[in-house]
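Under this note's numbering, residues 965 to 1663 are what the sequence shown spells out, in order. All residues carry an ideal CB built from backbone N, CA and C; glycine is no exception.
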Amino acid sequence: MLDKHQGARLANLWDDGKAAGMTEPEKLLYRSNLLGSDKRITNYGGGNTSAKVMEKDPLTGEMVEVLWVKGSGGDVGTIKMDGFSTLYMDKLRALKGIYRGVEFEDEMVGYLPHCTFNLNPRAASIDTPLHAYVPKPHVDHMHPDAIIAIAASKNSRELTSKIFGVEIGWLPWKRPGYELGLWLEKFCQENPDARGVVLESHGLFTWGDTAKEAYETTIEIINRAIAWFETENTGPAFGGRSKPVLAAADRAAIAKKLMPVIRGLISAGESKVGHFDDSQAVLDFVTSTSLEPLAALGTSCPDHFLRTKIRPLVVDFDPAQPDVGNTLAGLPEAIATYRADYAAYYERCKRADSPAMRDPNAVVYLVPGVGMITFAKDKATARISAEFYVNAINVMRGASGVSTYVGLPEQEAFDIEYWLLEEAKLQRMPKPKSLAGRIALVTGGAGGIGKATANRLMQEGACVVLADIDETALEAAQTELSTRYGKDFVRSVNMNVTSEAAVESGFGDALLAFGGLDILVSNAGLATSAAVEDTTLALWNKNMDILATGYFLVSREAFRIFRNQKAGGNVVFVASKNGLAASPGASAYCTAKAAEIHLARCLALEGASAQIRVNVVNPDAVLRGSKIWTGEWKEQRAAAYKMDVDELEAHYRERSMLKLSVFPEDIAEAIYFLASDMSAKSTGNIVNVDAGNAQSFTR
Ligand SMILES: [Zn+2]
965 MLDKHQGARL ANLWDDGKAA GMTEPEKLLY RSNLLGSDKR ITNYGGGNTS
1015 AKVMEKDPLT GEMVEVLWVK GSGGDVGTIK MDGFSTLYMD KLRALKGIYR
1065 GVEFEDEMVG YLPHCTFNLN PRAASIDTPL HAYVPKPHVD HMHPDAIIAI
1115 AASKNSRELT SKIFGVEIGW LPWKRPGYEL GLWLEKFCQE NPDARGVVLE
1165 SHGLFTWGDT AKEAYETTIE IINRAIAWFE TENTGPAFGG RSKPVLAAAD
1215 RAAIAKKLMP VIRGLISAGE SKVGHFDDSQ AVLDFVTSTS LEPLAALGTS
1265 CPDHFLRTKI RPLVVDFDPA QPDVGNTLAG LPEAIATYRA DYAAYYERCK
1315 RADSPAMRDP NAVVYLVPGV GMITFAKDKA TARISAEFYV NAINVMRGAS
1365 GVSTYVGLPE QEAFDIEYWL LEEAKLQRMP KPKSLAGRIA LVTGGAGGIG
1415 KATANRLMQE GACVVLADID ETALEAAQTE LSTRYGKDFV RSVNMNVTSE
1465 AAVESGFGDA LLAFGGLDIL VSNAGLATSA AVEDTTLALW NKNMDILATG
1515 YFLVSREAFR IFRNQKAGGN VVFVASKNGL AASPGASAYC TAKAAEIHLA
1565 RCLALEGASA QIRVNVVNPD AVLRGSKIWT GEWKEQRAAA YKMDVDELEA
1615 HYRERSMLKL SVFPEDIAEA IYFLASDMSA KSTGNIVNVD AGNAQSFTR
């Protein structure tokens, strides 16, 4: 039986009031966004929609038929008007005259730009002929789990006619392209009353005379498939449960242990970011008797395996007798075997002009009783790959419940994975940013220097975990950064750096969020000022706790992760000029800052053999945006220098050799340098960012 969410019918969300007064292209956009808003209708980026519209030709002034169709690389759920490409229908029809047959179908993609209407810069997708040649005004192509479950069943043709009669036809598997467009046209000519067609191992085409009719047909057909599964697929999911599900906290604990180790083993070519999913659909699959045999068959819909690789890696873990040490010890061999299998698949299937083999590591890791871990070049890709594998799980659940599930034939899968047109798309992708795939944790991440640092690292593509004790500031910083760079790139954890337990749990949350750690920026701090005879033991201890001990605790945790991950590591301490140069009336602060600097040197020595680098940035007098510089410390400093608080910034500027103020962004720049490969050969160093101060020259 499909689970509750899966079983619920799709609602008809079409609103005549909203659609009234819309132009045809606007109605197409409206319909597309409605369809894409539900992952049961189509997966992220999957499927496309079109409308054939009469428009005035800008050159001749005559009315011409124009195909509006989702362009290359878009997502129907989030598409905007500029996401559609527009093409002259008469030119698209004329392409038939130069088509040389199926073995030359890829060359037809090169002709599509010649059919562009109104200089629209949106590139036409490979699926354009599929929409152009269906002789209907409005066409939807979706990848609904319930339909693919039928399409990926051994007897999918028989099931299609059993469920839909003559209303919905069936076409055998064919890679999307020009030829499939001609097949669809022929089908429509031979079956003028059909309302759509199921494509084997792929998805659904439906159509209508109006935008509303097309939308309602799509919803109705998917709902009929969902209803059919509800009555027919009533046995236990995947043949029943054979392994226990661990409790949520235990699942998370296992994932935190596995993720950095897997990440270290697969990140040699490029740094990867992880995602953990233990939703019910996943748990049903990873505890079932059919886990191994179904996982080995691979995914069906091309969209699914392009994101997830042809098949997942099932991690050797027994939830009935959990022994994660054993599992960890077995991972290097399991991953090496997966890579060797992938290389063998490449060798078996490659053609003379195939692109070179890509990263042979698995994307999806299934852990019995625990859930699913995915790794990709960035968080969004890892998350979306997980979503796609959940689609694949839903498909396998449906198909194996009513028939025998079949994956795509290996050679067909290879030809899509290594399709020259796909390769061209990959080659057009922009070069990755300097910290793409890197994961950083910044303590004091909600404050001036911390937030500026997170911002700078994220600008370079890093994922950042903000750690701070100030909940309100933390929330504001996360909102600000996720608005700027996207939700996938930033997480936050409440962390008191003086608490061993809080530090451990904060780093654990970071591991669960992104799968590992590359960069620690230890920055959380405070500053106090008092003559030594007035320095209470409590004040002394406070400085030592937050600065010396806090830096020790977060570094120790980072080192533990780095050593498990076996991929090097990078620590940057934000210390202070006062760690090198004595300052009047601040002995507790200065001494604790000196301890940080010496700790960094000790750790640089200890970490070097594991490629762990540790460096220090020494700021001075960064007033703007700093929480340290609000309140007491500012007043105390002003009093020490016998001046007004408003005069402090000018005072520090004039005191510097370069006569410049130092801002959080200046410190962030130095931290970025030390955290990036630009400084790959530096460790145990100190970079002063203080506009010049002879007292703190290193020697
Ligand atoms: Zn498709």
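Q: Look at the alpha carbon of A1088 and the alpha carbon of L1390, and state the distance between them as a whole number of angstroms.
A: 16 angstroms
What residue ranges within the segment 1608 to 1645 form continuous alpha helix (DSSP H) runs of no fewer than 4 residues, ordered along the chain? 1612 to 1619, 1628 to 1639
**Prompt:** Among residues of its own chain, excluding the 5 on either side of R1392, which ones have a beta-carbon nearer than 6 angstroms to its beta-carbon?
**Reply:** none
Check: Closest by CA to A1604, which one among V1580, N1649, A1550, V1017?
Finding: A1550
Exercise. Buried or exposed: F1068, going by 16 or more other Cβ atoms within 10 Å of its Cβ?
Worked result: exposed
* To do: Starting from the Cα of K1318, find the closest Cα among A1284, A1388, F1249, M1045 and give me that residue.
  => For the sequence presented, residue 1318 should be read as Ser rather than Lys. Of the listed residues, the one whose Cα sits closest to S1318 is A1388.
Coarse secondary structure for L1277, derived from DSSP in three states: strand
N- and C-terminal bounds of the alpha helix (DSSP H) containing C1152
1142 to 1154
According to DSSP, simplified to helix, strand and coil, what is I1510?
helix
*From the DSSP output, which residues share a beta bridge with I1483?*
A1404, N1534
### Message
Classify E1497: buried if its beta carbon has 16 or more other beta carbons within 10 angstroms, exposed otherwise.
### Response
exposed
| message | Please report the straight-line C-alpha distance between F1627 and H1615, rounded to a whole angstrom. | response | 15 angstroms
Worksheet entry | Counted within 10 angstroms of its Cβ, other Cβ atoms place N1290 as buried (16 or more) or exposed | exposed
State yes or no: is the C-beta of H1268 nearer than 7 angstroms to some heavy atom of ligand 1? no
Practice problem: State the DSSP-derived secondary structure class of L1163, mapped to helix, strand or coil. | Solution: strand
Checklist entry - Got a sec, what are the start and stop residues for the beta strand (DSSP E) Y1605 sits in? => result Taken as a continuous stretch (DSSP letters only), Y1605 belongs to no beta strand (DSSP E), as it is neither H nor E.
C1427 - partner residues in DSSP beta bridges:
I1403
query = By the 10 Å Cβ neighbour count, where 16 or more other Cβ atoms means buried, how is K1150 classified, buried or exposed?
reply = exposed
Could you round the C-beta distance between L1484 and V1518 to whole angstroms and report it? I think they count as a contact, below 8 angstroms. 6 angstroms
Quiz prompt | C-alpha distance - K968 paired with G1335, whole-angstrom precision | solution = At K968 the pLDDT is 43, less than 50, meaning the model places this residue with poor confidence and gives no usable figure here.
Can you say whether S1231 is buried or exposed, counting buried as having 16 or more other CB atoms within 10 angstroms of its CB? buried
- Quick one: is N976 buried, meaning 16 or more other Cβ sit within 10 Å of its Cβ, or exposed? exposed
| Can you round the beta-carbon distance between D1410 and A1363 to whole angstroms, since I take them to be within the 8 angstroms contact cut? | First, the amino acid is wrong: residue 1410 is Ala here, not Asp. Not quite, the Cβ-Cβ distance comes to about 48 angstroms (not below 8 angstroms), so this is no contact.
Review point. Considering only the beta carbon of each residue, do K1541 and S1398 sit closer than 8 angstroms?
Key: no
Can G1010 be considered in contact with ligand 1, in the sense that its beta carbon sits closer than 7 angstroms to one or more heavy atoms?
yes
Reduced DSSP secondary structure (H/G/I, E/B, other) of R1577: strand
Problem set entry | Candidates F1339, P1101, G1172, K1060: closest to L1277 by CA position | F1339
Please classify D1654: does DSSP put it in a helix, a strand, or coil?
coil
Mapping DSSP to helix, strand and coil, what is W1192? helix
I1561: first and last residue of the uninterrupted beta strand (DSSP E) it sits in
Element bounds for I1561: not the beta strand (DSSP E) but the alpha helix (DSSP H), 1551 to 1571.
Give a yes or no on contact between the segment 1096 to 1104 and the segment 1151 to 1164, applying the rule of three or more CB pairs nearer than 8 angstroms.
yes
* Asked: Less than 7 angstroms between the CB of H1239 and some heavy atom of ligand 1, yes or no?
  -> no
> Nearest-angstrom Cα distance between K1176 and G981?
Replying inline: 12 angstroms
So if DSSP puts T1013 in a beta bridge, which residue, or which two residues, is it bridged to?
D1104
Would the segment 1570 to 1582 and the segment 1644 to 1656 be scored as touching if the rule is three or more Cβ pairs under 8 angstroms? yes
query = So, is G1132 buried or exposed, given that buried needs 16 or more other C-beta atoms within 10 angstroms?
reply = The identity of residue 1132 in the sequence shown is Ile, whereas the question assumes Gly. So I1132 ends up on the buried side.
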